[in-house]
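The structure under discussion appears below in the form of structure tokens.
Numbering (our numbering), first residue to last: 5 to 481.
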């Protein structure tokens with residue numbers, strides 16, 4: 005009974021925390037409010053680490069609580085929180101939201117609300133991953149295109165599909181808030197303990213996203229190279245043949261990507277990407293950075309798999325002829341909060357022969373198709389997520405196909421199929437999984453056929469009797 009009371013009390017404390025965050029969004033823009041809140045949650049999660057190894061470049065939780073309580077409040081809370089950022093020498097100027105945070109300081113009402121958040125959080129148990137919860141909450145309620153956040157279910161699924169090793173160099177070229185890097189490192193950490201950690205690298209064009217990624221990785225206890233400043237990886241490219249694993253969720257159907265001659269004249273290995281849509285530009289940039297046995301997981305709009313424009317078909321054809329496409333997974337609809345666009349996960353590999361990074365099963369000249377469109381789970385009236393059961397099944401299927409683990413792969417009607425490049429070519433190089441994975445209606449059982457036959461004959465008898473009766477009435481008339 006005491007455990008129930010404790011849980012209820014903790015729930016009330018968490019409600020006060022989120023009420024304070026909502027109150028802050030009423031006083032400043034939601035973007036600034038959540039960046040302030042994320043810094044508060046970061047320092048709250050960091051306090052145990054700071055007790056053992058203080059980080060002089062960041063304020064401590066105690067200093068935050070002291071100012072929120074009115075003691076030593078010379079430096080406003082918002083200005084203090086703006087110091088929670090990457091070291092100055094690693095930045096090329098301040099990000100816009102950091103400037104907004106500093107300029108927020110003179111607002112007394114916002115300062116009071118921010119203090120209320122700090123004091124509400126001070127009594128909350130540290131076991132809660134509130135930084136993650138805050139990211140998801142912002143993405144759900146206020147995000148525009150979800151640039152900073154990819155749902156944990158998706159990052160964990162894609163990391164499991166890639167199966168990174170402890171010796172791998174891992175990159176996310178559009179890292180946002182670092183979700184794929186955290187998921188990849190956690191996947192490695194859950195495996196056999198060898199004393200090695202993967203080398204994590206993240207790049208992003210947005211400084212504030214880099215700050216969030218850094219904080220998120222620190223809270224999870226992972227080291228990563230987030231670059232010396234913001235980098236536009238689509239336009240500036242990446243170090244060629246450098247990485248074992250790349251995970252990415254680039255912007256869907258990004259228009260106006262080819263705005264300069266440098267991009268248009270780039271020697272695209274598989275063809276010039278279509279004007280007005282950067283999907284295949286991202287895909288080729290990612291392939292450029294993989295080493296000879298590298299593999300990548302890329303989340304793309306479903307149109308990239310099935311677009312009918314000549315340029316798109318030609319690029320897909322060349323990708324297939326080079327045998328770098330390993331698997332395509334069609335995800336359920338409505339699981340992305342900021343777009344109704346359907347999406348597929350592309351699993352790419354520079355080497356599908358039997359080898360340690362890939363697996364035991366050689367899969368040259370084959371592509372695995374998975375139709376996971378029916379694995380969504382409804383959690384609210386208009387909100388769906390990829391179900392855990394669905395994610396687990398995708399992971400098991402891909403692992404079995406590659407030859408990772410003990411499970412043997414087999415095609416499953418309505419779920420997955422391993423298809424030859426010859427068959428894909430016959431379908432005009434269309435890569436949409438539903439074209440290859442079809443659900444066939446089950447054949448009725450013999451007992452069901454007999455019952456339906458008896459019912460049909462009964463209707464025939466009834467019709468014959470009705471016809472006879474009608475004739476008699478007509479003859480009497």
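By construction, the Cβ of each residue, glycine as well, lies at the ideal position given by its N, Cα and C atoms.
Model, not experiment: these values are computed from the prediction.
When 289, 137, 42, 175 are compared against residue 267, the one with the closest alpha-carbon: It is 289.
Rounded straight-line distance, which links the Cα of residue 160 to that of residue 150: Any reading at residue 150 needs caution, since the residue's pLDDT is 48, under 50, leaving its predicted position unreliable; the model's value is listed next. Distance between the alpha carbons of residue 150 and residue 160: 17 Å.
Nearest-angstrom Cβ-Cβ length linking residue 220 and residue 135, presumed shorter than 8 Å: That belief holds up - the Cβ atoms of residue 220 and residue 135 are roughly 6 Å apart, short of 8 Å.
C-alpha gap between residue 180 and residue 428, whole angstroms: Taking the straight line from one Cα to the other gives about 34 Å.
Short Cβ contact (9 Å threshold) for residue 176 with residue 185: Residue 185 is positioned such that its CB atom lies closer than 9 Å to that of residue 176.
DSSP three-state assignment for residue 387, whether helix, strand or coil: Reduced to three states, the DSSP call for residue 387 is strand.
Best match in 318, 299, 366 for proximity to residue 432 [C-alpha to C-alpha]: Of 318, 299, 366, the smallest CA-CA separation from residue 432 is found for 318.
Reduced DSSP secondary structure (H/G/I, E/B, other) of residue 248: Of the three classes helix, strand and coil, the one that applies to residue 248 here is strand, per DSSP.
Coil, strand or helix - residue 137 by DSSP: Residue 137 falls in the helix class under three-state DSSP.
Cβ contact check for the stretch 291-305 and the stretch 340-349: 3 or more pairs under 8 Å: Taking 8 Å as the limit for Cβ pairs, the verdict is that the stretch 340-349 does touch the stretch 291-305.
Classification of residue 310 by the beta-carbon crowding that lies within 10 angstroms, buried from 16 upward: Its Cβ being crowded by 16 or more others within 10 Å, residue 310 is buried.
Local Cβ density within 10 Å of residue 32, reported as buried at 16 or more and exposed below that: Counting every other CB atom within 10 Å of its CB across the protein chains shown gives residue 32 a total of 16 or more, marking it as buried.
Selected residue, minimal CA-CA separation from residue 413, among 423, 401, 419: For residue 413, the closest alpha carbon among the candidates 423, 401, 419 is that of 401.
Between the CA atoms of residue 256 and residue 236 - distance to the nearest angstrom: Each residue's alpha carbon lies about 16 Å from the other.
Nearest candidate by alpha-carbon position, reference residue 356, set 339, 326, 377: Out of 339, 326, 377, 326 has the C-alpha closest to the C-alpha of residue 356.
Proximity to residue 331 [Cα-Cα], best of 65, 178, 441: Of the candidates 65, 178, 441, the one whose C-alpha sits nearest the C-alpha of residue 331 is 441.
Assigned secondary structure, residue 226 (DSSP; H/G/I helix, E/B strand, else coil): In the structure shown, residue 226 falls within a coil segment according to DSSP collapsed to helix, strand and coil.
Contact the stretch 348-365 vs the stretch 403-421: 3+ CB pairs below 8 Å: The stretch 348-365, when compared against the stretch 403-421, does touch it at the 8 Å Cβ threshold.
CB of residue 122 within 9 Å of CB of residue 17, strictly: The answer is no: Cβ separation not under 9 Å.
9 Å Cβ cutoff met for residue 388 and residue 336: Going by beta carbons, residue 388 and residue 336 fall inside the 9 Å limit.
Per-residue DSSP class, three states only, for residue 378: In this structure, residue 378 counts as coil in the three-state DSSP scheme.
Residues bridged to residue 127 [DSSP beta-bridge criterion]: Residue 127 is not bridged to any residue.
Residue(s) in a DSSP beta bridge with residue 204: Partner(s): 174.
Simplified DSSP assignment, three categories, for residue 412: DSSP, reduced to helix, strand and coil, places residue 412 outside both helices and strands of the structure shown, so it counts as coil.
From 434, 339, 209, 353, residue whose alpha carbon lies closest to that of residue 312: The residue with the shortest Cα to Cα distance from residue 312 is 434.
Beta-carbon separation (whole angstroms), residue 178 vs residue 126, contact threshold 8 Å: Contact between residue 178 and residue 126 is ruled out by a C-beta separation of about 35 Å, above the 8 Å threshold.
C-beta atoms of residue 251 and residue 298 nearer than 9 Å: Here residue 251 is not near residue 298, since their CB atoms are 9 Å or more apart.
Simplified DSSP state of residue 240, which is helix, strand or coil: In this structure, residue 240 counts as helix in the three-state DSSP scheme.
Cβ distance (whole Å) where residue 375 is taken to contact residue 277 below 8 Å: Incorrect: roughly 26 Å between the Cβ atoms, too far for contact.
Endpoints, the beta strand (DSSP E) within which residue 303 is located: Unbroken beta strand (DSSP E) run through residue 303: 294-305.
Residues near residue 138 by beta carbon distance below 6 Å, same chain, minus five either side: Correct list, in chain order: 41, 42, 45.
Three-way DSSP call (helix, strand, coil) for residue 343 in this model: Under the three-state reduction of DSSP output, residue 343 falls in the coil class, being neither helix nor strand.
Sheet register partners of residue 421 (DSSP bridge): For residue 421, which the question treats as bridged, DSSP gives the partners 373.
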